[in-house]
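Taking it in order: structure first as structure tokens, then the write-up.
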Amino acid sequence: MVKTEPHASVERCVTVSLGERSYDILIKAGLLGEVGPRLKRLGLAGKVAVVTNQVVGRLYGPTVLRSLRSAGYQAKTILVPEGERAKSLRWVGRILDELVRECFERGSLVLALGGGVVGDLAGFVASILARGIPFVQVPTTLVAQVDSSVGGKTGVNHPLGKNLIGAFHQPRVVFVDPDTLSTLPTREWVAGLAEVIKYGMIEDEAFFAYLEGRVDDLRKMQPEPVAHVIARSCQIKASVVEEDERESDRRRVLNYGHTIGHALESLGRYRKLIHGEAVAIGMVQEADLARSLGLCPAEVVVRQRELVRRAGLPHTLPPVRFTELWGAMQHDKKVVQGRLHCVLPKRVGQVVIVPLEQGQVKRWFMGLKGPEGASRIGRGSTGQG
Ligand SMILES: NC(=O)c1ccc[n+]([C@@H]2O[C@H](COP(=O)([O-])OP(=O)(O)OC[C@H]3O[C@@H](n4cnc5c(N)ncnc54)[C@H](O)[C@@H]3O)[C@@H](O)[C@H]2O)c1
Ligand SMILES: [Zn+2]
698 MVKTEPHASV ERCVTVSLGE RSYDILIKAG LLGEVGPRLK RLGLAGKVAV VTNQVVGRLY
758 GPTVLRSLRS AGYQAKTILV PEGERAKSLR WVGRILDELV RECFERGSLV LALGGGVVGD
818 LAGFVASILA RGIPFVQVPT TLVAQVDSSV GGKTGVNHPL GKNLIGAFHQ PRVVFVDPDT
878 LSTLPTREWV AGLAEVIKYG MIEDEAFFAY LEGRVDDLRK MQPEPVAHVI ARSCQIKASV
938 VEEDERESDR RRVLNYGHTI GHALESLGRY RKLIHGEAVA IGMVQEADLA RSLGLCPAEV
998 VVRQRELVRR AGLPHTLPPV RFTELWGAMQ HDKKVVQGRL HCVLPKRVGQ VVIVPLEQGQ
1058 VKRWFMGLKG PEGASRIGRG STGQG
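Each residue of the sequence shown is one higher than the one before, starting from 698 at the first, in my numbering.
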């Protein structure tokens, strides 16, 4: 881990080593204005389709287009709607129509400028056009900069489930400009911190301790800790992906906090939680489940809950019945022979994948509950502030 913190304008580079599919994640303030010349240096030629949405396109589209054109690229913008609804086959079709009409082929490039929605959608389009054309990520949310732009998972939603249609398609390069985060709504920023905390919990206690020391600065978006946190998060994700590109086993540790997190998201009435918030609650509750199973000491639960709380994230389970929660947890891909494979912490910096039976989870859950069925743990905070 980097002990000192270089200035945010210093360039950091994290390489994802996947043989011939290897690529660099470049992190530097102001990188957006250098996209064109840097693509040129990488030897990427041809037309560029910049896929973005109205909000991000208005804020950052002109800088990227100027940079591309200054380097001699013929670039066009494709606008998709804001939010999760853009991650649909309908929008895949529309983008493909436009690219085919404009004669985009193997020698062309798709550039995703935006959050995880735009990255997943544009990456999927790039993976199927002409059986795969080069793809570049320019992530502009914290979630996208530390998570979704790295690792090559692309895809869209099906009406019956999230991310059901997709492909592995690694980008050629990822350009992270932390300056773009300055316009991110606070809630989206804080939600991204949940995934950052996750990396500390699954892999790196020193990084977790760093987050404990700098969480107040991170909430204020101080440039140095922000750049460091992005780089370290990308390193951890890269190292996990390098060991298991297609999620056979090792990559599942990245799902820490997501078994309960996804369940809360999918229980429709908690739609008020955005993904990172649900993951924050999921991590805190899964750690408590681990404690109840004797897998980790209570200090781990307390320490993690404290960091989550200080980051401004929620940590209490909304009022929910066990059958509802257990049912929603089953929809995950991690059920094998009736047992739910859940990522649980042993200590800060180490997790294990544990097959769980309903009875074990129920005993933990009932321990949280009052006789009327109201959730008791940490009552009083939904932690939005
Ligand atoms: N492929 C993966 O490995 C992976 C991993 C994690 C999440 N995801 C996916 O990512 C998506 C969530 O991504 P997200 O959290 O980035 O959400 P998002 O893409 O919906 O972006 C959140 C909001 O922020 C806006 N926005 C983006 N950048 C901005 C900026 N710089 N300034 C102001 N506003 C900005 C967007 O318009 C949007 O309204 C989900 O669909 C999820 O499934 C994929
Ligand atoms: Zn996540």
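Glycine included, each C-beta is placed from N, C-alpha and C at the ideal position.
From a predicted model like this one, the values you see are computed outputs, not experimental measurements.
From the DSSP secondary-structure annotation, give me the bridge partner or partners of residue i.
i            : result
residue 1047 : 1044
residue 832  : 807
residue 928  : None, per the DSSP bridge assignment.
residue 854  : According to DSSP, residue 854 bridges with nothing at all.
residue 993  : Per DSSP, none; premise fails for residue 993.
residue 710  : 723
residue 959  : Residue 959 is not bridged to any residue.
residue 1052 : 1038
residue 870  : 721 and 833
residue 1033 : 1036
Give me the Cα-Cα distance between residue i and residue j, rounded to the nearest whole angstrom.
i            : j            : result
residue 797  : residue 829  : 13 angstroms
residue 964  : residue 858  : 12 angstroms
residue 962  : residue 914  : 29 angstroms
residue 766  : residue 728  : 15 angstroms
residue 868  : residue 725  : 18 angstroms
residue 996  : residue 1048 : 15 angstroms
residue 783  : residue 960  : 22 angstroms
residue 1069 : residue 1027 : Note on residue 1069: pLDDT 37, under 50, position unreliable in the model; the coordinate value appears next. If you take the alpha carbons of residue 1069 and residue 1027, they lie about 25 angstroms apart.
residue 814  : residue 1056 : 37 angstroms
residue 1077 : residue 1013 : Only weak support is given to the placement of residue 1077: the predicted model assigns it a pLDDT of 36, under 50, and the value that follows is read from those uncertain coordinates. Answer to the nearest angstrom: the Cα atoms are 8 angstroms apart.
residue 710  : residue 1018 : 46 angstroms
residue 707  : residue 908  : 20 angstroms
residue 863  : residue 993  : 35 angstroms
residue 713  : residue 835  : 16 angstroms
residue 1071 : residue 974  : Here residue 1071 scores only 43 on pLDDT, less than 50, and its place in the model should not be relied on; the value that follows carries that caveat. Near 21 angstroms, if we compare the C-alpha coordinates of residue 974 and residue 1071.
residue 822  : residue 890  : 28 angstroms
residue 893  : residue 940  : 20 angstroms
residue 734  : residue 906  : 38 angstroms
residue 812  : residue 872  : 13 angstroms
residue 730  : residue 745  : 16 angstroms
residue 806  : residue 942  : 23 angstroms
residue 1021 : residue 1015 : 12 angstroms
residue 1063 : residue 1038 : 20 angstroms
residue 953  : residue 1041 : 7 angstroms
residue 1001 : residue 801  : 48 angstroms
residue 1075 : residue 984  : In this prediction, residue 1075 has a pLDDT of 41, which is less than 50 and means its spatial position is unreliable; nothing more can be read from the coordinates.
residue 1043 : residue 757  : 42 angstroms
residue 1082 : residue 820  : Residue confidence for residue 1082 is low, a pLDDT of 28 falling below 50, so the modelled location carries little weight and cannot support an answer.
residue 703  : residue 903  : 18 angstroms
residue 920  : residue 988  : 36 angstroms
residue 910  : residue 1052 : 34 angstroms
residue 717  : residue 826  : 20 angstroms
residue 1067 : residue 861  : With a pLDDT of only 48 at residue 1067, under the threshold of 50, the placement of this residue in the model should not be trusted, and no figure is reported.
residue 739  : residue 849  : 19 angstroms
Thinking C-beta only, is residue j closer than 8 angstroms to residue i?
i            : j            : result
residue 808  : residue 839  : no
residue 896  : residue 927  : no
residue 750  : residue 777  : yes
residue 935  : residue 847  : yes
residue 722  : residue 748  : no
residue 1058 : residue 1023 : yes
residue 736  : residue 853  : no
residue 761  : residue 810  : yes
residue 866  : residue 851  : yes
residue 743  : residue 804  : yes
residue 720  : residue 938  : no
residue 875  : residue 741  : no
residue 1046 : residue 901  : yes
residue 845  : residue 816  : yes
May I ask which residues mark the beginning and end of the beta strand (DSSP E) holding residue i?
i           : result
residue 720 : 720 to 724
residue 862 : 858 to 865
residue 746 : 745 to 750
residue 801 : Residue 801 -> no beta strand (DSSP E), and no H or E assigned at all.
Hey, quick one: how far does the alpha helix (DSSP H) through residue i stretch, first residue to last?
i            : result
residue 905  : 902 to 916
residue 972  : 972 to 989
residue 948  : Note, residue 948: premise wrong, no alpha helix (DSSP H); not H, not E.
residue 772  : From DSSP, residue 772 is part of no alpha helix (DSSP H) but of the beta strand (DSSP E) over 772 to 777.
residue 847  : From DSSP, residue 847 is part of no alpha helix (DSSP H); its letter is neither H nor E.
residue 1019 : 1019 to 1027
residue 1059 : 1055 to 1065
residue 817  : 813 to 825
residue 739  : Looking at the DSSP string, residue 739 is not in any alpha helix (DSSP H), and its letter there is neither H nor E.
- Task: Specify whether the stretch 943 to 961 and the stretch 879 to 886 touch according to this definition: at least 3 beta carbon pairs, one from each stretch, less than 8 angstroms apart.
- Result: no
- Task: Specify whether the stretch 1002 to 1009 and the stretch 909 to 923 touch according to this definition: at least 3 beta carbon pairs, one from each stretch, less than 8 angstroms apart.
- Result: yes
- Query: Should the stretch 840 to 852 be called in touch with the stretch 787 to 796, which here means at least 3 C-beta pairs below 8 angstroms?
  - Reply: no
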